[in-house]
Amino acid sequence: MRWSRSTGQWGGGVRARPRRRPPIMGILRRSRPLASQAISKPIYMSERRLLLRTKHESCTFFSMVYDVRAIANLILDLADEGGRKLTNMQINKVVYFVHADYLAAFGVPLVSAKIEAWEHGPVFRELYHEFKKFGDLPIAARSSVVDPRTGIRGPANASLEPPTRAFVEDAARKYSSMTASALRSLSHVDGGPWDQVWNHVTSTQATMRISDEAILGWYRSAKH
Numbered sequence: 027m028r029w030s031r032s033t034g035q036w037g038g039g040v041r042a043r044p045r046r047r048p049p050i051m052g053i054l055r056r057s058r059p060l061a062s063q064a065i066s067k068p069i070y071m072s073e074r075r076l077l078l079r080t081k082h083e084s085c086t087f088f089s090m091v092y093d094v095r096a097i098a099n100l101i102l103d104l105a106d107e108g109g110r111k112l113t114n115m116q117i118n119k120v121v122y123f124v125h126a127d128y129l130a131a132f133g134v135p136l137v138s139a140k141i142e143a144w145e146h147g148p149v150f151r152e153l154y155h156e157f158k159k160f161g162d163l164p165i166a167a168r169s170s171v172v173d174p175r176t177g178i179r180g181p182a183n184a185s186l187e188p189p190t191r192a193f194v195e196d197a198a199r200k201y202s203s204m205t206a207s208a209l210r211s212l213s214h215v216d217g218g219p220w221d222q223v224w225n226h227v228t229s230t231q232a233t234m235r236i237s238d239e240a241i242l243g244w245y246r247s248a249k250h
């Protein structure tokens, strides 16, 4: 209880703060599916919560980091649907560029795997070793993982939020249409993340890692 000068009475007490509703994971607001809609850059991002705006609507969702093998399988499936076959070199470059575009657009990574600078461009070791049996021929299988709950090996899959899936599909179709040599040339651009690691920091970085920070710095630079 406390004395109120305005009423000349005791009362009022301590005002209780309103309870905050816990955040809802996944899509928070949408009016129709987004899988077939083009997505622009986010309006804002806070604690991996992204607000995206499409031509018809906006929505908020929580970003997740995915297994690179699952993203590769999704891209291979999309390429097959479009009548295109990808080689080991191509899938590594396509996944890299999709990851880079996503990182530049939203400020968070798409995949968690380490990216390395090899002679012919960025490479994910998981993908290279999974598909090296095909050599320079088109990949005719899918990357697999062991289910920790059952111990059974099966295709790597990921359940992407509709906005994420729409972005990945759009970028994947763009890069999957490029030849292996075109993808290699694009990844070798002067001053780019691969060039920075392969040609400039070899002596100081034995792991040849292409960091997300280097990718972001390149995409946000005036040269890009």
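Number 250 marks the last residue of the sequence shown (the numbering used here); no jumps. Ideal placement from N, C-alpha and C gives every residue a C-beta, glycine not left out. Only a predicted model underlies this, so the values are computations on that prediction, with no experimental measurement involved.
What is the DSSP secondary structure of Gly218, reduced to helix, strand or coil? Taking the sequence shown and counting its residues from 1, one reaches residue 218 at position 192. Here Gly218 sits in coil by DSSP.
Closer than 8 angstroms, CB to CB, is Ala131 near chain C or not? Checking the listed chains, one finds no chain C in this structure; it contains a single protein chain.
Proximity to Arg235 [Cα-Cα], best of Ser207, Val171, Lys111, Tyr122: As a working note, residue 235 is residue 209 in the sequence shown. Checking every option, the nearest Cα to that of Arg235 belongs to Tyr122.
Cβ of Val137 within 8 angstroms of Cβ of Tyr201? Position 111 of the sequence shown, counting from 1, holds the residue named residue 137. Position 175 of the sequence shown, counting from 1, holds the residue named residue 201. No, they are not a contact pair.
Is it a yes or a no for the region 111–126 touching the region 197–217, going by three-plus beta-carbon pairs under 8 angstroms? yes
Comparing alpha-carbon positions, which option in Val172, Ala192, Pro189 lies nearest Asn183? Position 157 of the sequence shown, counting from 1, holds the residue named residue 183. Ranked by how close their Cα comes to the Cα of Asn183, the residues Val172, Ala192, Pro189 have Val172 in first place.
DSSP beta-bridge partners for Ser213? For the purposes of this step, residue 213 is taken as the residue at position 187 of the sequence shown. Ser213 pairs with nothing; no bridge assigned.
Could you give the first and the last residue of the continuous alpha helix (DSSP H) run that contains Val149? In the sequence shown, counting from the first residue as 1, residue 149 sits at position 123. Under the DSSP assignment, Val149 falls outside any alpha helix (DSSP H), being part of the beta strand (DSSP E) whose first and last residues are 147–149.
With DSSP as the reference, label Val172 as helix, strand or coil. Counted from its first residue, the sequence shown places residue 172 at position 146. In the structure shown, Val172 sits in a strand (DSSP, three-state: E or B).
In this structure, how does DSSP classify Gly253 when only helix, strand and coil are distinguished? Residue numbering for the chain in the displayed model covers 27 to 250; residue 253 lies beyond these limits and cannot be assessed.
Phe160 versus Ser169: straight-line alpha-carbon distance, rounded: On the sequence shown, position 134 is the one that residue 160 refers to. On the sequence shown, position 143 is the one that residue 169 refers to. So the alpha carbons of these two residues sit roughly 13 angstroms apart.
Ala167 lies in the beta strand (DSSP E); which residues open and close that run? As a first step, residue 167 is located in the sequence shown; it is residue number 141 there, counting from the start. Counting along the chain, Ala167 falls outside any beta strand (DSSP E), and DSSP gives it neither H nor E.
Check for me: the beta strand (DSSP E) holding Ala131 runs from which residue to which? Working through the sequence shown from its first residue, we reach residue 131 at position 105. That residue, Ala131, is in no beta strand (DSSP E); its alpha helix (DSSP H) goes 114–132.
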